[in-house]
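In the working numbering, the protein residues as written are 3 to 254.
Even glycine gets a Cβ: it sits at the ideal position worked out from N, Cα and C.
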């Protein structure tokens, strides 16, 4: 696992096992968990980017590295933990899908708040092809994003979904040519890192909105609007709007 924080507040997490298509072993699981903890605790981090080294984003679990641990325990100990970390982190998380994502690698991308895919990248729900079931939140994310029947097709057949098809299905936000991929990721990440304090509350609201009643969401929106209005960023945003200029947010 390789991590780097730039001067804008973009914290880049790179899965770094290119010889195994960035498939997870114990060290990589623990590295991702530690990196997400660092992102949560460090106030200098304002946006997180997760990507892969080499030609793949993440091939899921490295089946040769499981050892004697029952796979259910592996899922509970590692996968469930970092999925929950990504969803609860009150900072935007951008998946920069540079190549193929398979199995839990797809779930890793779908757990993020925004997804940019290189034109040559692809998603593969590989579980059924090896006699396993979707995990790492795939059963949660897929039906919500593409509907029940398409999710069932993807889960049962495990066909390769190109970046263009992923975009048409709503599985990603943006597809860019490979030679423009890094600048596109940097552009979005930089914009997110320069965003207001309210970004984290927006993420919380949309996550709660997936499950809560309308009355509960209305109450949460009113609460967040009250505390957002009291921030320095809101005051700056309103001044900038009146003065017809771009706001300069500080995350406070």
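Requested in this report: Answer with buried or exposed for residue 38, where buried requires no fewer than 16 other C-beta atoms within 10 angstroms of its C-beta.
Outcome: buried
Query raised in the report: If you draw a straight line from the alpha carbon of residue 101 to that of residue 241, how long is it in whole angstroms?
Result: 42 Å
Query raised in the report: Taking residue 33 as the reference, which of 43, 16, 47, 42 has the closest Cα?
Result: 16
Query raised in the report: If you drop the 5 nearest sequence neighbours on each side, which residues of the same chain put their C-beta closer than 7 Å to that of residue 63?
Result: 25, 26, 105, 106
Query raised in the report: Counting along the chain, where does the beta strand (DSSP E) carrying residue 2 start and finish?
Result: This structure leaves residue 2 out entirely; the chain is present only between 3 and 254.
Report task. Let me know if residue 215 comes out buried or exposed under the rule of 16 or more other beta-carbons within 10 Å of its beta-carbon. Result -> exposed
Query raised in the report: Do three or more CB pairs link the segment 191-204 to the segment 72-89 at distances below 8 Å?
Result: No, they do not touch.
Query - residue 151 burial status per 10 Å Cβ neighbour count (16 or more: buried) - result: exposed
Query - Where residue 54 sits in the DSSP three-state scheme - result: strand
Query raised in the report: Among the residues of its own chain, which have a CB less than 7 Å from the CB of residue 76, if the five just before and after it don't count?
Result: 68
Report task. Could you check what DSSP says for residue 127 in three-state terms: helix, strand or coil? Result -> coil
Query raised in the report: Beta-carbon separation of residue 191 and residue 96 under 7 Å?
Result: yes
Query raised in the report: For the beta strand (DSSP E) that contains residue 96, what are its first and last residues?
Result: 95-99
Requested in this report: Determine the extent of the beta strand (DSSP E) in which residue 143 is found, giving its start and end residues.
Outcome: It is not in any beta strand (DSSP E) - residue 143 instead sits in the alpha helix (DSSP H) that spans 140-148.
Query - Neighbourhood of residue 126 by C-beta distance below 8 Å, restricted to the same chain and skipping five residues each side - result: The beta carbon of residue 126 is closer than 8 Å to those of 102, 103, 104, 105, 108, 160, 161, 162, 163 in its chain, skipping five residues each way along the sequence.
Query raised in the report: Can you list, in chain order, the residues of its chain whose CB lies under 7 Å from that of residue 81, leaving out five sequence neighbours each side?
Result: 106, 137, 138
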